[in-house]
Structure formats: C-alpha cells, structure tokens
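Heads up, the sequence shown is in numbering that gives the first Met the number 0, so the first residue is 0 and it goes up one at a time. Even glycine gets a Cβ: it sits at the ideal position worked out from N, Cα and C. Remember, it's a predicted structure, so these values are computed and weren't measured experimentally. One structure is given here, and the rest of the page talks about it.
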Amino acid sequence: MPRSPFLSSRLQGFGTTIFAEMSALAVRTGAINLGQGFPDTDGPAEVSEAAIAAIRAGVNQYPPGPGTDDLLSAISEHQRRFWNLEFDPASEVLVTAGATEALAATMFALCETGDEVIAFDPTYDSYGAGVAMAGARLRGVLLRPEPRPGGGFRFGFDPDELRRAFNPKTRLLLLNSPHNPTGKVFDQDELQLIADLCQEHDVIAVTDEVYEHLVFGGHAHRPLAGFPGMAERTLTVSSGGKTFSFTGWKIGWVCGPAPLVAAVRTAKQFLTFVNGAPFQPAIAVGLRLGDDYFTRFAADLQAKRDLFGGYLTTAGFDVLAPEGTYFITVDIRQRSKSGPDPVDHTVAFCLGLPEKAGVVAVPSSVFYQDQRDGQHLARFCFAKNDALLIEAGERLVAAFG
Ligand SMILES: Cc1ncc(COP(=O)(O)O)c(C=O)c1O
Numbered sequence: 000m001p002r003s004p005f006l007s008s009r010l011q012g013f014g015t016t017i018f019a020e021m022s023a024l025a026v027r028t029g030a031i032n033l034g035q036g037f038p039d040t041d042g043p044a045e046v047s048e049a050a051i052a053a054i055r056a057g058v059n060q061y062p063p064g065p066g067t068d069d070l071l072s073a074i075s076e077h078q079r080r081f082w083n084l085e086f087d088p089a090s091e092v093l094v095t096a097g098a099t100e101a102l103a104a105t106m107f108a109l110c111e112t113g114d115e116v117i118a119f120d121p122t123y124d125s126y127g128a129g130v131a132m133a134g135a136r137l138r139g140v141l142l143r144p145e146p147r148p149g150g151g152f153r154f155g156f157d158p159d160e161l162r163r164a165f166n167p168k169t170r171l172l173l174l175n176s177p178h179n180p181t182g183k184v185f186d187q188d189e190l191q192l193i194a195d196l197c198q199e200h201d202v203i204a205v206t207d208e209v210y211e212h213l214v215f216g217g218h219a220h221r222p223l224a225g226f227p228g229m230a231e232r233t234l235t236v237s238s239g240g241k242t243f244s245f246t247g248w249k250i251g252w253v254c255g256p257a258p259l260v261a262a263v264r265t266a267k268q269f270l271t272f273v274n275g276a277p278f279q280p281a282i283a284v285g286l287r288l289g290d291d292y293f294t295r296f297a298a299d300l301q302a303k304r305d306l307f308g309g310y311l312t313t314a315g316f317d318v319l320a321p322e323g324t325y326f327i328t329v330d331i332r333q334r335s336k337s338g339p340d341p342v343d344h345t346v347a348f349c350l351g352l353p354e355k356a357g358v359v360a361v362p363s364s365v366f367y368q369d370q371r372d373g374q375h376l377a378r379f380c381f382a383k384n385d386a387l388l389i390e391a392g393e394r395l396v397a398a399f400g
C-alpha cells in the first residue's frame with residue numbers, strides 16, 4: 000500500500016479497506032454482495048419498536064456515561080442467564096459504541112507504547128488498527144486449516160506457537176470466539192490452554208464475543224471469563240449488532256472486574272462519551288427476549304450455512320464449514336485460474352468473481368498479518384435471505400461447477 004503523506008506513522012498501511020472496493024464492485028457489476036458481514040433482514044420487531052417508541056418518548060439526548068441503568072442491568076442479566084457470569088451493573092459493565100469502541104478503548108486504556116497484544120491470525124480488521132493507535136504491536140498466532148478426524152477441515156493452532164508468543168512485553172491477549180473470518184469456535188481444551196498461559200504470564204484477556212449466539216450444532220460458546228482464575232483478569236466484549244441483526248445501531252458493551260472497566264471507561268469517555276440513546280432501551284428489550292429467539296436465530300443461520308455451503312461444494316470448492324458466525328470460507332485452489340502472483344491469488348480471484356459469477360466475496364488474505372497465509376482462501380457472508388443465497392449458489396455452480 001502506498002504511503003499516505005498525511006497519515007501518522009502509526010496508521011501507515013491502514014488505508015481504505017477492501018470492503019469498500021468490493022462493495023463498489025458489487026454496485027458497478029450488479030453482483031450479489033456476499034462480501035461485507037451484515038444481514039439483509041431486520042431483527043425482531045419488538046426491538047425496533049422499542050427504539051421507535053424511545054425516540055417518540057424523547058429519549059434523544061445524551062444518555063448517562065456508562066450506559067442507561069436499564070441496559071446495564073439487562074447486560075448483567077444476560078451474562079448470568081446464558082453464561083453464568085456475574086457482573087455488577089453499576090461498576091462492572093460499560094456500554095460502548097459497538098464492540099469496536101469497546102476494543103479500541105480497552106487497548107488505549109491498558110497498553111503502554113511498545114506493549115504486545117497477542118491475537119489469533121487472521122483477525123477482524125479493526126484489531127490491527129486499534130493496536131497500532133494504542134502504540135502497541137500485534138503478535139499473531141496463526142490459525143491453519145487442519146484435517147478434522149471425521150472429514151473436512153477445522154482451523155487450529157500450534158500450542159507451542161501460542162506459548163512462544165507470550166513474553167515480558169505481552170500486555171493483552173485478544174481472543175475472538177466465535178471467530179471472524181474463519182468461523183472457528185474455540186473448544187474447551189484450547190480455551191483452557193489460553194487461560195493457563197494468561198495466568199502463568201500475568202496477562203489480561205480481552206474477549207470479542209460478538210458472535211456469542213451464532214454457534215451451530217455440536218459446538219458451544221464458552222466465555223473465557225468462566226474459566227477458573229479468569230474472571231479477575233478478563234474483559235468480555237460483545238454487542239447487539241450481530242445477535243439482533245441491527246449492525247448499524249452500534250450498541251456494544253464490555254464487562255469485567257471494576258478496576259479494569261473503570262480504566263476502559265476513562266478512555267471511552269474521551270472517544271464518544273456516549274452513544275445511541277434510543278437504541279439502548281431497545282437492545283435491553285432484545286437481551287431479555289425469550290430463549291426461543293436465540294435458539295431459532297442460530298438454527299436459521301445453520302440452515303443457511305448448509306444451504307449455501309452445499310452450493311459451494313457442488314461448485315467444486317473445498318469448503319471450511321464454520322462452527323459459528325455467519326461467514327463461510329472456501330479454498331479456491333481447485334477452482335481458481337487467477338494468475339501467477341501467489342500473494343495476489345485470492346485478491347485476483349475475488350476481483351474477477353463478480354464478472355465471472357455475479358457474486359462478491361472477500362479475499363481472506365486481507366485479514367492476515369502476512370497476506371501470503373490467506374492467499375488461497377475467500378470468505379462469503381451467508382446472513383442473507385434464502386432466495387438470494389440460492390441465486391448466488393446457482394450462479395457459482397454455473398460458473399465453476
Ligand atoms: C469479530 C468482530 N468484532 C467486532 C465487530 C464489530 O462489532 P460492532 O459493530 O459491535 O462494533 C465485528 C463486525 O463485523 C466482528 O466481526
């Protein structure tokens with residue numbers, strides 16, 4: 000990426016994301032956009048009606064700094080109901096402008112210049128920039144597709160590589176599970192190892208759990224804060240965007256021990272101070288919906304994964320079926336004829352896909368520290384209505400099958 004003359008040295012290399020380019024391509028070519036990660040249908044009517052009612056009732060001025068009392072209580076109740084985690088709404092929960100702000104404020108609050116933050120690579124794209132803006136350094140631990148005993152693939156990591164990543168400069172371990180872009184849900188043994196290493200090296204864990212309710216049959220979400228010895232050193236981050244299909248509302252939160260949350264609050268108050276007054280009561284309604292909402296939501300998405308994944312397989316791709324999230328990854332090597340430069344492999348493939356198949360995907364390489372690690376992987380978002388997924392699937396089969 001060329002150097003920008005105006006951008007500070009901290010942010011060199013973080014230019015416009017590929018998402019903007021791919022979305023523009025989708026508009027230009029009329030292709031079905033399965034690139035960016037957002038659903039094409041609104042979430043529950045009770046939740047949107049609550050926001051409309053709040054606006055009409057005049058809930059339109061700055062809410063309290065930490066979040067409204069009602070939302071803080073709803074977050075705390077939700078953490079107890081689903082994950083058996085206890086947080087005092089008054090001192091151990093903070094409402095933020097999406098999970099993105101919670102993560103950025105955490106890094107700004109807790110990192111000194113030169114500190115290291117461990118994260119599994121590939122990462123959601125805000126991590127690298129957030130770490131850089133905090134003056135810290137991201138230390139990646141690679142997730143690689145590994146053959147699954149029963150067939151297919153699962154993303155795994157080398158435990159020794161994780162062990163080696165910890166050093167005296169390590170301040171935070173940033174864990175995203177369920178994981179974007181791979182769809183990996185970290186299992187009990189993997190989480191136990193992470194918990195053990197954080198305690199051994201006195202490292203604070205920050206968990207990004209925005210896909211906590213998007214987990215498919217046979218897998219379970221386990222918050223790291225629930226592991227013995229972790230509650231006192233973990234900040235648990237999530238948001239209402241993915242769970243309730245209102246990604247544009249940007250109501251997020253962070254929960255953890257009072258002194259850590261207080262530190263994050265200090266940074267947060269100078270970033271956005273507060274946000275989303277009428278959306279806060281609405282997300283509280285969402286968090287208190289019955290269990291059936293959450294179960295049905297995951298089951299619907301699992302059906303979409305299987306529907307679209309079936310087309311990808313028929314089209315001849317090796318499919319890395321996700322255990323959670325609404326992203327599905329394919330290995331394009333069987334089906335790509337895109338030029339000799341291996342680094343640009345998936346980028347070239349995805350740039351050509353709208354014309355070849357009328358579908359937009361994202362080159363997974365952009366999520367990796369070293370783009371060569373993801374050069375043969377592409378990511379599709381399947382949080383779309385079935386008719387659109389069928390249309391996209393049929394186009395891919397016609398183009399590649
Ligand atoms: C892993 C991950 N974390 C955080 C976010 C952003 O969450 P929010 O919209 O609540 O800021 C996303 C959105 O795609 C994500 O995939």
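Residue closest to His375, alpha-carbon to alpha-carbon, out of Pro144, Tyr126 and Gly34: Working through the sequence shown from its first residue, we reach residue 375 at position 376. Proximity to His375 across Pro144, Tyr126 and Gly34 peaks at Pro144, based on C-alpha coordinates.
Three-state secondary structure (DSSP) of Asp299: What you label residue 299 is simply residue 300 of the sequence shown in a count that begins at 1. In this structure, Asp299 counts as helix in the three-state DSSP scheme.
Residue range of the unbroken alpha helix (DSSP H) whose run includes Gly129: Position 130 of the sequence shown, counted from the first residue, corresponds to residue 129. Looking at the DSSP string, the run of the alpha helix (DSSP H) that includes Gly129 is Ser125 to Met132.
Cβ shell of Pro63 (< 8 Å), same chain only, five flanking positions each side left out: Here residue 63 is taken as the residue at index 64 of the sequence shown, counted from 1. Once the five neighbours on either side are set aside, the close Cβ partners of Pro63 are Val273.
Cβ pair count under 8 Å reaching 3, the region 113–125 against the region 160–169: Taking one beta carbon from each stretch, the region 113–125 and the region 160–169 have 3 or more pairs nearer than 8 Å; the two touch.
Chain-order list of residues whose beta-carbon lies under 7 Å from that of Leu223 (same chain, five-residue window excluded): For the purposes of this step, residue 223 is identified with residue 224 of the sequence shown, where counting begins at 1. Once the five neighbours on either side are set aside, the close Cβ partners of Leu223 are Leu174, Leu190, Ile193, Ala194, Ala204, Thr206, Met229 and Thr233.
Contacts around His220, its chain only, beta-carbon distance under 6 Å, and the 5 residues preceding and following it disregarded: For this step, residue 220 is matched to residue 221 along the sequence shown. Excluding sequence neighbours, His220 sits near Glu211 and Val214.
Closest Cα partner of Pro256 within the set Met21, Phe37, Ala23 and Ala89: In the sequence shown, residue 256 corresponds to position 257, counting from 1. Of Met21, Phe37, Ala23 and Ala89, the smallest CA-CA separation from Pro256 is found for Ala89.
CB contact check: Lys168 to chain B, cutoff 8 Å: Going by chain labels, chain B is absent from the structure shown, which holds only one protein chain.
Ser238, DSSP secondary structure in three states: Position 239 of the sequence shown holds residue 238. Three-state DSSP puts Ser238 in a strand.
Ranges of the beta strand (DSSP E) found wholly within the region 146–171, counting only runs of at least 3: Annotation note: the region 146–171 contains the following uninterrupted beta strand (DSSP E) runs of length 3 or greater, listed N- to C-terminal: 152–155.
Residues proximal to ligand 1 by C-beta, any heavy atom closer than 6 Å: Residues whose Cβ lies closer than 6 Å to any heavy atom of ligand 1, listed in chain order: Gly36, Gly97, Ala98, Thr99, Tyr123, Asn175, Asn179, Asp207, Val209, Ser238, Gly240, Thr246, Lys249 and Gly251.
Straight-line Cα distance separating Phe348 from Gly338: One-based indexing of the sequence shown puts residue 338 at position 339. One-based indexing of the sequence shown puts residue 348 at position 349. With a pLDDT of only 47 at Gly338, under the threshold of 50, the placement of this residue in the model should not be trusted, and no figure is reported.
Three-way DSSP call (helix, strand, coil) for Trp252 in this model: For this step, residue 252 is matched to residue 253 along the sequence shown. Trp252: strand per DSSP, three-state reduction.
Bridge partners - Gly139, DSSP secondary structure assignment: For this step, residue 139 is matched to residue 140 along the sequence shown. In the DSSP output, where bridge partners are listed per residue, Gly139 has Ala118.
Arg378 in three-state terms, based on DSSP: Here residue 378 refers to the residue found at position 379 of the sequence shown. It is a strand residue.
Option in Ala73, Phe152, Leu395 and Phe245 with minimal Cα separation from Gly315: The residue labelled residue 315 in the question sits at position 316 within the sequence shown. Proximity to Gly315 across Ala73, Phe152, Leu395 and Phe245 peaks at Leu395, based on C-alpha coordinates.
The beta strand (DSSP E) enclosing Phe399, as first and last residue numbers: In the sequence shown, counting from the first residue as 1, residue 399 sits at position 400. First-last for Phe399: Asp385 to Phe399, but that is the alpha helix (DSSP H), not the beta strand (DSSP E).
Contact check, Met408 vs Val361, beta carbons under 8 Å: Summary: the structure shown does not reach residue 408, with the chain confined to residues 0 through 400, and so no result is reported for it.
Bridge partners - Thr328, DSSP secondary structure assignment: Start at 1 with the first residue of the sequence shown, and residue 328 comes out as number 329. Answer by DSSP bridge pairing, in chain order: Leu319 and Arg378.
Segment contact flag, the region 134–151 with the region 294–304, C-beta cutoff 8 Å, min 3 pairs: For the pair of segments examined, the region 134–151 was found not to touch the region 294–304: the number of CB pairs separated by less than 8 Å stays below three.
contact_flag[the region 71–90, the region 47–55] where n(CB pairs < 8 Å) is 3 or more: They do not touch, by the three-pair rule.
Helix, strand or coil at Asp207 [DSSP, three-state]: Locating residue 207 in the sequence shown gives position 208, counting from the first residue. Reduced to three states, the DSSP call for Asp207 is strand.
Option nearest Leu350 by Cα separation, candidates Thr271, Pro4, Gly14 and Ala30: Here the question's residue 350 lines up with position 351 in the sequence shown. Among Thr271, Pro4, Gly14 and Ala30, the Cα nearest to that of Leu350 is on Ala30.
Sub-8 Å separation of Gly36 and Tyr325 beta-carbons: As a position in the sequence shown, residue 36 is number 37, starting the count at 1. As a position in the sequence shown, residue 325 is number 326, starting the count at 1. Going by C-beta atoms, Gly36 is nearer than 8 Å to Tyr325.
Under the three-state DSSP convention, the category Arg2 falls into: Taking the first residue of the sequence shown as 1, we reach residue 2 at position 3. In this structure, Arg2 counts as coil in the three-state DSSP scheme.
Residues bridged to Gly233 (per DSSP): Mapped onto the sequence shown, residue 233 falls at position 234. Inspection of the sequence shows that residue 233 is occupied by Thr rather than by Gly. Bridge pairing for Thr233: Ala204 [DSSP].
Which listed residue (Asn32, Cys197 and Val130) has its alpha carbon closest to that of Glu100: As a working note, residue 100 is residue 101 in the sequence shown. Checked all of Asn32, Cys197 and Val130; the closest Cα to Glu100 is Val130.
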